[in-house]
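Protein chains in written order, with our numbering: chain A, 1148 to 1484; chain B, 1148 to 1484.
Following: one structure in C-alpha cells, then a few remarks.
There are 2 protein chains.
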Amino acid sequence: MIVAVDAMGGDYAPANPVAGAVKAAREEGIEIILVGDENAVSTELEKHEADGLPIQIVHASEVIEMREPTLTALRSKRDSSIRVCARLVKDGRAHGIVTAGHTGAAMVISKTVVGNIEGIKRPALAIPVPTPRSTHPAVFLDIGANVTCRSVHLVQFAIMGNVFARDILKVAEPRIGVLSNGEEATKGNELVRKTVDRLSRSNLNFIGHVEGRDLFNGNCDVIVTDGFTGNAVLKAAEGIAELAFSILKEEVLSNWVTKLAALMMRRSFKRLRDKLDYAEYGGALLFGLKDICVICHGRSNPKAIQNAIRTASEFFDLNINKEIQKGIQELQQQNIM
Amino acid sequence: MIVAVDAMGGDYAPANPVAGAVKAAREEGIEIILVGDENAVSTELEKHEADGLPIQIVHASEVIEMREPTLTALRSKRDSSIRVCARLVKDGRAHGIVTAGHTGAAMVISKTVVGNIEGIKRPALAIPVPTPRSTHPAVFLDIGANVTCRSVHLVQFAIMGNVFARDILKVAEPRIGVLSNGEEATKGNELVRKTVDRLSRSNLNFIGHVEGRDLFNGNCDVIVTDGFTGNAVLKAAEGIAELAFSILKEEVLSNWVTKLAALMMRRSFKRLRDKLDYAEYGGALLFGLKDICVICHGRSNPKAIQNAIRTASEFFDLNINKEIQKGIQELQQQNIM
Chain A
1148 MIVAVDAMGG DYAPANPVAG AVKAAREEGI EIILVGDENA VSTELEKHEA DGLPIQIVHA
1208 SEVIEMREPT LTALRSKRDS SIRVCARLVK DGRAHGIVTA GHTGAAMVIS KTVVGNIEGI
1268 KRPALAIPVP TPRSTHPAVF LDIGANVTCR SVHLVQFAIM GNVFARDILK VAEPRIGVLS
1328 NGEEATKGNE LVRKTVDRLS RSNLNFIGHV EGRDLFNGNC DVIVTDGFTG NAVLKAAEGI
1388 AELAFSILKE EVLSNWVTKL AALMMRRSFK RLRDKLDYAE YGGALLFGLK DICVICHGRS
1448 NPKAIQNAIR TASEFFDLNI NKEIQKGIQE LQQQNIM
Chain B
1148 MIVAVDAMGG DYAPANPVAG AVKAAREEGI EIILVGDENA VSTELEKHEA DGLPIQIVHA
1208 SEVIEMREPT LTALRSKRDS SIRVCARLVK DGRAHGIVTA GHTGAAMVIS KTVVGNIEGI
1268 KRPALAIPVP TPRSTHPAVF LDIGANVTCR SVHLVQFAIM GNVFARDILK VAEPRIGVLS
1328 NGEEATKGNE LVRKTVDRLS RSNLNFIGHV EGRDLFNGNC DVIVTDGFTG NAVLKAAEGI
1388 AELAFSILKE EVLSNWVTKL AALMMRRSFK RLRDKLDYAE YGGALLFGLK DICVICHGRS
1448 NPKAIQNAIR TASEFFDLNI NKEIQKGIQE LQQQNIM
C-alpha cells in the first residue's frame, strides 16, 4: 500500500505532514509519497532520520491555500499538490491520499481525477464521533460533501457507513439511523421520510429516525444525513465543546483553589479534550471514490497525520471499496436503489 | 399581566409548575392562573404559604402525556390543561402561557386557538443559547416548529429574533446570520441563498452566512434556520455537552486525587453545567402568536418555571408582539416579503 501525502496542506505544512509521514513509515512500515515543493519537502525531510524509510518525494509546483475559493483554485492551479496526489492514484502509483489542506478542493479533485466507485452517485464525507462507550465511535455522514441530497444518496451513505463501522470499527451489525427532528416515525422532512422508506426495506440493521443527541450517546453506530445538516450539526457540536473549555478555563483561573484542583485533574482534562477534539485526531474520510482520501483538520499535528495514513492503509488492506460496491449491488438487486 | 401556567405539564407536575408559579407571584408580583386538575393543584398549592398571592386555579380535566403522538392527543383530549390555557388567552383572561408539557401539542394548540400575529406566516420556536460573553446569549430559531421552510419564513424568523435580542436582551443592533455550511457567500443550499438575498436588502443588521460554531462563540446575536436543521443542531449540542459531563464524571471517580480536585472545583463545575444546560433554565419561546407561549424543558425545576413566567411577563410589558408586527410591516413596505 502506497499513500500519497499532501505535504503542502494544512496550517503547519510542510512540517507536520512530513513528520507524520515519517512516523507512519517508520512505525508502521507504510510506503509514502510526499507531494509538494521538492526543495521545501526535502529540507523538511532532512530534519528527520528518514534514510532507508520507504519515502519518495514527487514535485508539485503549486499549493491551494486554505482560504481560496474552491472553484478559482481548481481552475487556476493545475499543478497543485492535492491534484498531483490524485494523479498519482489515478496512474496507479499510489492507492490513497492524505491531506490536511483545503477540504473543498480535495473533494472535487478526488472526484474528478480519480472518480467514483461503480454505482456510487455521490461520494460522502464521514467522521467518527465520540460516544460514551470507549469501544468504538459512531460514524456520521455526510458532513459536507453534498449540500443537497436525495434519498438514494442517503441510502448509499448508509451502505458506506455500514461497511466502515463493520469492517474498520469491528461493530457487529451496526445500527443505522437517519438524523431527524425527533424519534417518532411521524417526524422528519420529505428527504428523511423517503430515506426511511427505502432503508426499512433493506437488509441493513436500520433503526429508523434518530435525534441529534443520538450522535454522541452510543444509541446508534451510523447516522446519515445530507451534507448541509451534517456540517451545521458537526460545527455546532465543535462550537459548544470549545465554549465548555473556555468557560472551564475561566473558572480554573478564577482563584488558587481551582488552579490547584485543575493541576490535580490535568490528565483528566487532557483526556476529555482528546475525546471531544475528535475532528483533530482522526480526520474525515471521503467515501465512495475509487481510492481513499482522508482529509485531516488544518491544525493537525504529526500524530493526527500518522493516524490518517494508518486509516488509509487499513482501507486498502481490508478492501473497503469492494465491500461498498458489494453493498450497493445488493441494494440494487433488492430494488431499493 | 396574567400568565396561564400549565400546572399538569412536565415530568414533575404539578409540584414544580405550582412551586415556580408561587415564586413568581411572591417575588415578582405576577398574576397567575394555575390550570389543571383542581384537586391535585389545590393540594399542591396548600404546601406553600400562598394565601394572599395573586394565584387562581382553573380546572382542566385532561392532561396530554409527554409521549403521546401530537395529533391523537389533540383530537381526543378536548379539555387538556394546555388547551384550557390557550382558551384563557383567547378569551382575554390571560396574556401568556407557560408550560413544561408536550412541546408539539403546545405549539399546535397555541397556533390554532390563539392564532398568529397579523402578517406572520409561521410561528417559530426560539431559544437563547450561551456564548462566551456573559453579557447576553444568542437567539437561535427555528428549533422545531416548522420542519420545512421557505425563505419568507426565515426572514420573518429574523425579524422575531431581532426584536427579542434588541428589546429583551438589550443588544444594540443585533447581528443576524443565516445558518449555513460555511461562511463564504458561495455556500448554502437554495433556502439559505434565497434567504440571504432577501435579508441583504433589508434594514436589519444582517451579517450573512454563519456556521454552526457561530451559535456559541458570540460572533452573532440572532441565528435563523429551518426547524429541521435547528432541532438537529440543538439536540446534537445538548448531546455532546452530556457526553462531556459523563466523561468528566468518569474521570473524577477514577481515583482519590481527582475526587478531591472535583470537590475543590464543585462550584465551577456547577456554573459550567448551568451555562451549558441552557435548555433547562430559560425555556424556548414560541414567537409569532397573538399571545406569548414559553415552553420549558420537561425536567424544569421551580426556578426554571419562575424564569419562564418572568420572560412571558417581560414580553407583555415590552409589547414585543407589536414590535414584531412593526418589523413585518417595514419589510413588506420594502418589498422584501
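For every residue, glycine included, the Cβ atom is placed at its ideal position computed from N, Cα and C.
All of these numbers come straight from a predicted model, not from anything done at the bench.
Proximity below 8 Å, CB of residue i to CB of residue j
i                : j                : result
A1370 of chain B : G1435 of chain B : The amino acid occupying residue 1370 of chain B in the given sequence is Ile; Ala does not appear at that position. Cβ distance not < 8 Å, so I1370 of chain B and G1435 of chain B don't count as in contact.
V1188 of chain A : I1204 of chain A : yes
G1118 of chain A : Q1480 of chain A : Coverage of chain A is limited to positions 1148 through 1484, which leaves residue 1118 of chain A absent and any answer about it impossible.
I1290 of chain B : A1431 of chain B : yes
G1248 of chain A : G1157 of chain A : yes
V1260 of chain A : A1233 of chain A : yes
L1423 of chain A : P1275 of chain A : no
L1362 of chain A : A1285 of chain A : yes
Q1472 of chain B : I1202 of chain B : no
L1381 of chain A : G1359 of chain A : no
S1228 of chain A : G1262 of chain A : no
I1256 of chain B : R1230 of chain B : yes
L1419 of chain A : I1394 of chain B : yes
D1373 of chain A : T1295 of chain A : yes
P1161 of chain B : E1191 of chain B : yes
V1236 of chain B : A1455 of chain B : no
M1088 of chain B : V1339 of chain B : For chain B, the structure presents residues 1148 to 1484; residue 1088 of chain B sits outside this window and is missing.
Classification of residue i by the beta-carbon crowding that lies within 10 angstroms, buried from 16 upward
i                : result
S1223 of chain B : exposed
K1170 of chain B : buried
L1410 of chain B : exposed
T1342 of chain A : buried
T1282 of chain B : exposed
A1332 of chain A : exposed
N1378 of chain B : buried
N1350 of chain A : exposed
E1337 of chain B : exposed
R1322 of chain B : buried
L1346 of chain B : buried
G1136 of chain A : One cannot answer for residue 1136 of chain A here, as it falls past the ends of chain A, which runs 1148 to 1484.
N1328 of chain B : buried
T1217 of chain B : buried
V1404 of chain B : exposed
N1468 of chain B : buried
T1458 of chain A : buried
N1175 of chain B : For the record, residue 1175 of chain B in the displayed sequence is Glu; it is not Asn. Looking at its Cβ environment, which holds fewer than 16 other Cβ atoms inside 10 Å, E1175 of chain B is exposed.
Closest Cα partner of residue i within the set the options
i                : options                            : result
E1330 of chain A : B:E1331, B:L1362, B:F1375          : B:F1375
A1292 of chain B : B:H1283, B:Y1159, B:F1304, B:E1461 : B:F1304
K1258 of chain B : B:K1450, B:L1381, B:C1440, B:E1477 : B:C1440
D1198 of chain B : B:N1350, B:V1182, B:R1173          : B:R1173
K1396 of chain B : B:K1382, B:K1417, B:A1379          : B:K1417
R1348 of chain A : A:D1421, A:V1299, A:N1263          : A:V1299
K1194 of chain B : B:L1200, B:A1166, B:V1182, B:I1202 : B:A1166
A1252 of chain A : A:K1450, A:I1442, A:N1186, A:D1184 : A:I1442
A1207 of chain A : A:L1181, A:L1192, A:L1390, A:T1217 : A:L1181
L1200 of chain A : A:E1185, A:E1320, A:T1458, A:I1179 : A:I1179
Q1453 of chain B : B:P1164, B:R1322, B:V1399          : B:P1164
K1268 of chain A : A:T1458, A:M1307, A:K1317          : A:M1307
S1415 of chain B : A:A1391, A:I1483, A:R1420, A:L1419 : A:A1391
D1153 of chain A : A:K1237, A:E1196, A:G1243          : A:G1243
D1421 of chain B : B:L1400, B:E1385, B:V1399, B:N1402 : B:E1385
N1309 of chain A : A:E1337, A:A1273, A:R1297          : A:A1273
L1400 of chain A : B:S1393, B:M1412, B:W1403, B:V1245 : B:M1412
N1352 of chain B : B:T1246, B:A1451, B:V1318, B:E1470 : B:V1318
E1196 of chain B : B:P1279, B:A1168, B:E1477, B:W1403 : B:A1168
G1239 of chain A : A:K1469, A:N1364, A:P1161, A:V1150 : A:V1150
E1389 of chain B : A:P1279, A:M1148, A:Y1159, A:A1220 : A:P1279
Assess, as a yes-or-no matter, whether the stretch 1362–1369 of chain A is touched by the stretch 1300–1313 of chain A under the definition of 3 or more beta carbon pairs within less than 8 Å.
yes
Residues within the stretch 1374–1389 of chain A neighbouring chain B, beta-carbon criterion of under 9 Å:
G1374, F1375, T1376, G1377, N1378, A1379, V1380, L1381, K1382, A1383, A1384, E1385, G1386, I1387, A1388, E1389
Inter-stretch contact at 8 Å, needing at least 3 Cβ pairs: the stretch 1443–1459 of chain B / the stretch 1438–1452 of chain A
no
Do three or more CB pairs link the stretch 1210–1223 of chain B to the stretch 1446–1465 of chain A at distances below 8 Å?
no
Positions along the stretch 1390–1402 of chain A whose CB lies within less than 8 Å of some CB in chain B
L1390, A1391, S1393, I1394, L1395, E1398, V1399, S1401
Residues in the stretch 1403–1424 of chain B with C-beta within 9 Å of chain A's C-beta atoms, listed in sequence order?
V1404, T1405, L1407, A1408, A1409, L1410, M1411, M1412, R1414, S1415, F1416, R1418, L1419, K1422, L1423
According to a CB-to-CB cut-off of less than 8 Å, which residues of the stretch 1274–1305 of chain A neighbour chain B?
P1277, T1278, P1279, G1291, V1294, T1295
Anything in the stretch 1343–1359 of chain B with a Cβ closer than 7 Å to a Cβ of chain A? List those residues in chain order, please.
E1358, G1359
When Cβ atoms are compared, which residues of the stretch 1202–1234 of chain A fall closer than 7 Å to chain B?
P1216
Can you give me, in chain order, the residues of the stretch 1318–1338 of chain A that have a beta carbon less than 8 Å from any beta carbon in chain B?
L1326, S1327, N1328, G1329, E1331, T1333, K1334, G1335, N1336, E1337
Residues within the stretch 1241–1271 of chain B neighbouring chain A, beta-carbon criterion of under 9 Å:
G1251
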